[in-house]
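Novice:
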Amino acid sequence: MVGLETYVERLKFVVKMWESTPFGRKALQQAEERAEKFIEKNKYGLYRGEVLLDIGTAHLVSFFDVDNGEKWLNRAAEWFDNVQQFDKDLKDFELPESVRKVSHPPKNERYKDRWANVKLSQPKPGDFFNRRSCSWYWNSKRKDITLLQGLVAFAKEDYETAEKHWNLLAELDKEFYAQQKAAGWENATTLARLTWNLRNQKGSLYATSEEMASFKDPKRRLAILIADLYYESEQHQKALSIYQRLENRELGTLSKNEMAYVILATFACLCWDKEVNEFVYIEPRTKFFSGTPSESRTILAYANRIIKRETIESQIKSINLYEICIKKSSDSTISKSARLFLIDRCLILSNIMRVNGKNDIATVFYNKVWEYLNNPTTKTDFDKHMIKRIESTPQIFSNMRNK
């Protein structure tokens, strides 16, 4: 009985602790109060600016509160802009040499993997560092702030201010943007994608203007903008978490068009995760995007991903999906992309079939190429390039064309 009584008392203690623990907005309010006290002790001490950034991010991303998010983000920006001149007063905060030996930041903010993909460096478990011990830390935090400040302005349809904030990304990351430009990849950057959206479809980011128009509810619209911002800045896990909150109806029941876009965006995020089978997600949901503004984009994304399976069956399925996309799409950009990929797949399959002695099947795929290249309703300037490419391929293709 003594053991049971002790167990019950422990349970009562746990319940009492749970009941006294703040959640949601109460937790954020308590965090604000503690942050003010923390900053008051030493305004430009370590991690003060990070606290301001975290609270601003929580308001914006967790609660979709633009006004409070903007207030705390502006404070964070001001703090980071002013703090460098006060670093001389932080000698007492230097890490001891003994700690530096076991806990240090990655040398560079980014690294290239074996396929030459540029990725963000990940600290080792147990590592901790700050602007005093890491050369790229300040810039990294300042980029996080200006990215979200731009989003706040974008959400308020103040596109000029949004552009000013986002243009700072290049200033804060000069070496990276110079490397991208030298490699011919200047369009494959966060700033390039955001600038394109500002120029071509004000009011939306990864979503098209037509897709964005489906989001009438202000909070759901803001949630999509934040998630899309994370997607365009290659922070796919952060984007995914918001898309999943929407799909799980955290902000209410979505319309068919809203759900269709969330499915498309979620699938796009999952495609970046090598540990996830994205087909398990998308295949049961194909019924949701039929007849919606997101239908063609989703079919195109699905077809592009199926190619990765590298089987003859999947290649043929992708061709069928590209044809569906071409027929359904009213967007010339999507239609042209589908057409380009279809021609490319047909050429590859034609060659595979020829090598395996299946010339009749090879001819079927090859004829489909010419069917699209010579179709006056779908013909584009790019056809000249494709025809030149085909005519430079092995003689067998020319023989097929003559037949």
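Add 676 to the 1-based position in the sequence shown for my numbering, that's all there is to it. Just so you know, even glycine gets a beta-carbon here, dropped at the ideal spot from N, CA and C.
For Ser966 and Arg896, what's the separation of their Cα atoms in angstroms?
Specialist: Taking the sequence shown and counting its residues from 1, the one referred to as residue 966 is at position 290. Taking the sequence shown and counting its residues from 1, the one referred to as residue 896 is at position 220. About 21 Å.
Novice: Can you name, in chain order, every residue of its own chain whose Cβ lies under 6 Å from the Cβ of Arg1077, other than the five neighbours on each side?
Specialist: To locate residue 1077, count along the sequence shown from 1; it is residue 401. With a pLDDT of 47 at Arg1077, under the threshold of 50, the modelled position of that residue is not reliable, and the figure given next carries that caveat. Cβ neighbours of Arg1077 beyond the five flanking positions: none.
Novice: Taking Arg786 as part of the beta strand (DSSP E), name the residues at either end of that continuous run.
Specialist: In the sequence shown, residue 786 corresponds to position 110, counting from 1. Where Arg786 is concerned, the enclosing beta strand (DSSP E) stretches over 786 to 788.
Novice: Below 8 Å, how does it come out for the segment 879 to 898 and the segment 958 to 972: are there three or more Cβ pairs, yes or no?
Specialist: Segments in contact, yes.
Novice: Counting only runs of 4+ residues fully inside the segment 813 to 872, write out the alpha helix (DSSP H) ranges in chain order.
Specialist: With a minimum length of 4 residues, the continuous alpha helix (DSSP H) runs that stay inside the segment 813 to 872 are 813 to 831, 835 to 848, 850 to 858.
Novice: Relative to the alpha-carbon of Ala734, which residue among Ala703, Ala753, Lys713 has its alpha-carbon at the smallest distance?
Specialist: In the sequence shown, residue 734 corresponds to position 58, counting from 1. Nearest option by C-alpha distance: Ala703.
Novice: Who does Val794 pair with in a DSSP beta bridge?
Specialist: Locating residue 794 in the sequence shown gives position 118, where the first residue counts as 1. Bridge partners of Val794: Lys788.
Novice: Suppose you measure from the CA of Leu680 to the CA of Phe689; what does that come to, to the nearest Å?
Specialist: Working through the sequence shown from its first residue, we reach residue 680 at position 4. Working through the sequence shown from its first residue, we reach residue 689 at position 13. If I take the Cα positions, the gap works out to 14 Å.
Novice: Quick check on Arg1030: does DSSP put it in helix, strand or coil?
Specialist: Numbered from its first residue, the sequence shown carries residue 1030 at position 354. Arg1030: helix per DSSP, three-state reduction.
Novice: Name the two residues that bound the continuous alpha helix (DSSP H) containing Ile988.
Specialist: Locating residue 988 in the sequence shown gives position 312, counting from the first residue. Residues 988 to 1004.
Novice: Here's the rule I'm using: 16 or more other beta-carbon atoms within 10 Å means buried, otherwise exposed. How should Ala936 be labelled?
Specialist: Walking along the sequence shown from the start, residue 936 turns up at place 260. Buried: at least 16 other Cβ atoms inside 10 Å.
Novice: Which stretch, first to last residue, makes up the alpha helix (DSSP H) that contains Ile982?
Specialist: As a first step, residue 982 is located in the sequence shown; it is residue number 306 there, counting from the start. It spans 971 to 982 - the alpha helix (DSSP H) in which Ile982 sits, taken as one unbroken run.
Novice: Look at the alpha carbon of Asp849 and the alpha carbon of Ser994, and state the distance between them as a whole number of angstroms.
Specialist: What you label residue 849 is simply residue 173 of the sequence shown in a count that begins at 1. What you label residue 994 is simply residue 318 of the sequence shown in a count that begins at 1. One C-alpha to the other measures close to 39 Å.
Novice: Go through its chain and collect everything with a Cβ distance to Gly879's Cβ below 8 Å, but skip five positions before and after it.
Specialist: Here residue 879 refers to the residue found at position 203 when the sequence shown is read from its first residue. So the qualifying residues of the chain are Glu833, Ser885, Met888.
Novice: Going by beta carbon distance, what residues of the same chain come within less than 7 Å of Trp755, once the five residues before and after it are set aside?
Specialist: In the sequence shown, counting from the first residue as 1, residue 755 sits at position 79. If we look at Trp755 and ignore the five residues flanking it on each side, its Cβ neighbours are Arg724, Gly725, Leu728.
Novice: At the level of alpha carbons, what is the spacing between Gly928 and Lys713?
Specialist: In the sequence shown, residue 928 corresponds to position 252, counting from 1. In the sequence shown, residue 713 corresponds to position 37, counting from 1. If I take the Cα positions, the gap works out to 37 Å.
Novice: Starting from the Cα of Leu916, find the closest Cα among Ile992, Leu870, Val938 and give me that residue.
Specialist: The sequence position of residue 916 within the sequence shown is 240, counting from 1. Of Ile992, Leu870, Val938, the residue nearest in Cα terms is Val938.
Novice: In three-state DSSP terms, what is Tyr937?
Specialist: Taking the sequence shown and counting its residues from 1, one reaches residue 937 at position 261. Tyr937 falls in the helix class under three-state DSSP.
Novice: Whose CA, out of Ala1014, Glu708, Ile1024, lies closest to the CA of Asn744?
Specialist: To locate residue 744, count along the sequence shown from 1; it is residue 68. Answer by Cα proximity: Glu708.
Novice: Decide yes or no for the touch test of the segment 947 to 962 against the segment 994 to 1003: beta carbon pairs closer than 8 Å, at least 3 of them.
Specialist: No, the segment 947 to 962 does not touch the segment 994 to 1003.
Novice: Taking C-alpha atoms, which residue in Ile1010, Met1029, Ile1002, Phe964 lies nearest to Gln991?
Specialist: As a first step, residue 991 is located in the sequence shown; it is residue number 315 there, counting from the start. With distances taken between Cα atoms, Gln991 lies closest to Met1029.
Novice: Do you know how far the Cα of Lys817 is from the Cα of Gln825?
Specialist: As a first step, residue 825 must be located in the sequence shown, where it is residue number 149. As a first step, residue 817 must be located in the sequence shown, where it is residue number 141. Answer to the nearest angstrom: the Cα atoms are 12 Å apart.
Novice: Looking at Leu901 and Leu881, is the spacing between their C-beta atoms short of 8 Å?
Specialist: Position 205 of the sequence shown holds residue 881. Position 225 of the sequence shown holds residue 901. Yes, these two residues count as a Cβ contact at 8 Å.
Novice: Please determine, among Arg981, Leu823, Arg807, the residue with the shortest C-alpha to C-alpha distance to Asn953.
Specialist: Here residue 953 is taken as the residue at index 277 of the sequence shown, counted from 1. Nearest of Arg981, Leu823, Arg807 to Asn953, Cα basis: Arg981.
Novice: Which residue's Cα is closest to the Cα of Pro894: Asp741, Val1045, Ala846, Lys747?
Specialist: As a working mapping, residue 894 is identified with position 218 in the sequence shown. It is Asp741 whose Cα lies nearest to the Cα of Pro894.
Novice: Looking at the structure shown, is Gln760 part of a helix, part of a strand, or coil, going by DSSP?
Specialist: The count along the sequence shown starts at 1 and reaches residue 760 at position 84. Three-state DSSP puts Gln760 in a helix.
Novice: Could you tell me the distance, in whole angstroms, from the CA atom of Lys1003 to the CA atom of Tyr1048?
Specialist: Translated into the one-based positions of the sequence shown, residue 1003 becomes position 327. Translated into the one-based positions of the sequence shown, residue 1048 becomes position 372. Their Cα atoms are separated by approximately 12 Å.
Novice: Report all residues from its chain with a CB closer than 6 Å to the CB of Ala941; omit the five preceding and five following residues, and keep chain order.
Specialist: The sequence position of residue 941 within the sequence shown is 265, counting from 1. The residues are Tyr919.
Novice: Between which two residues does the alpha helix (DSSP H) containing Glu908 stretch?
Specialist: Along the sequence shown, read from residue 1 onward, the residue named residue 908 stands at position 232. 894 to 908 is the extent of the alpha helix (DSSP H) around Glu908.
Novice: Could you have a look at Ile887 and say whether DSSP puts it in helix, strand or coil?
Specialist: For this step, residue 887 is matched to residue 211 along the sequence shown. The sequence shown places Glu at residue 887, not Ile. Three-state result, Glu887: helix.
Novice: For the alpha helix (DSSP H) holding Leu916, just list the boundary residues, first then last.
Specialist: For this step, residue 916 is matched to residue 240 along the sequence shown. Where Leu916 is concerned, the enclosing alpha helix (DSSP H) stretches over 912 to 923.
Novice: One question on the structure: do Arg808 and Leu722 come within less than 8 Å of each other, judged by their Cβ atoms?
Specialist: By one-based count along the sequence shown, residue 808 stands at place 132. By one-based count along the sequence shown, residue 722 stands at place 46. Yes, Cβ-Cβ distance for Arg808 and Leu722 is below 8 Å.
Novice: For Thr822, count neighbouring C-beta atoms within 10 Å of its own C-beta (all shown protein chains included) and say buried if the count is 16 or more, exposed if not.
Specialist: Here residue 822 refers to the residue found at position 146 when the sequence shown is read from its first residue. The residue is buried, with at least 16 neighbouring Cβ atoms inside 10 Å.
Novice: Locate the alpha helix (DSSP H) running through Ala703, then write down its first and last residues.
Specialist: Walking along the sequence shown from the start, residue 703 turns up at place 27. Note, Ala703: alpha helix (DSSP H), 700 to 717.
Novice: Indicate whether Glu934 and Ser890 have their beta-carbon atoms separated by less than 8 Å.
Specialist: On the sequence shown, position 258 is the one that residue 934 refers to. On the sequence shown, position 214 is the one that residue 890 refers to. Against a cut-off of 8 Å, the Cβ pair of Ser890 and Glu934 comes out as a contact.
Novice: If you draw a straight line from the alpha carbon of Ser1011 to that of Leu1023, how long is it in whole angstroms?
Specialist: Working through the sequence shown from its first residue, we reach residue 1011 at position 335. Working through the sequence shown from its first residue, we reach residue 1023 at position 347. The alpha-carbon atoms of Ser1011 and Leu1023 are separated by roughly 18 Å.
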